[in-house]
Amino acid sequence: MPDYLEKVQKDISANARGILIDWLVEVAEEYKLLSDTLHLSVSYIDRFLSANSVSRQRLQLLGVSSMFIAS
């Protein structure tokens with residue numbers, strides 16, 4: 001489990017992050033994105049979450065925004 005989940009995040013658990021990543025995998029497959037796009041998206045998500053507290057309601061928005069930037 002990434003260290004920031006305990007130190008920075010109050011509303012996001014490792015399980016919530018895992019669900020988000022699973023959903024992003026499905027999105028990447030549906031739109032036939034390169035695996036590098038998915039990996040870069042996850043990197044952006046982890047980097048953002050390590051510095052900013054995010055509510056559970058905004059987690060999916062963060063994920064899709066990261067994927068948009070990565071693509």
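Numbering-wise (UniProt numbering), the sequence shown opens with residue 1 and increments by one.
Don't be surprised by glycine CBs; every beta carbon is placed ideally from N, CA and C.
Here the structure is a predicted model, which means the values were calculated and not measured.
For Lys10, the three-state secondary structure derived from DSSP is coil.
Remark: three or more beta-carbon pairs, one from each stretch, lie closer than 8 Å, so the region 9–24 and the region 39–55 are flagged as touching. Counting only runs of 3 or more residues that sit fully inside the UniProt domain "Cyclin N-terminal" (2–71), no beta strand (DSSP E) segment turns up. Looking at Lys32, Leu24, Leu5, the one whose alpha-carbon comes closest to that of Val42 is Leu24. Distance check between Ser65 and each of Asp3, Tyr4, Val27 places Val27 closest, using alpha-carbon atoms only. The beta carbons of Tyr4 and Leu59 sit no closer together than 8 Å.
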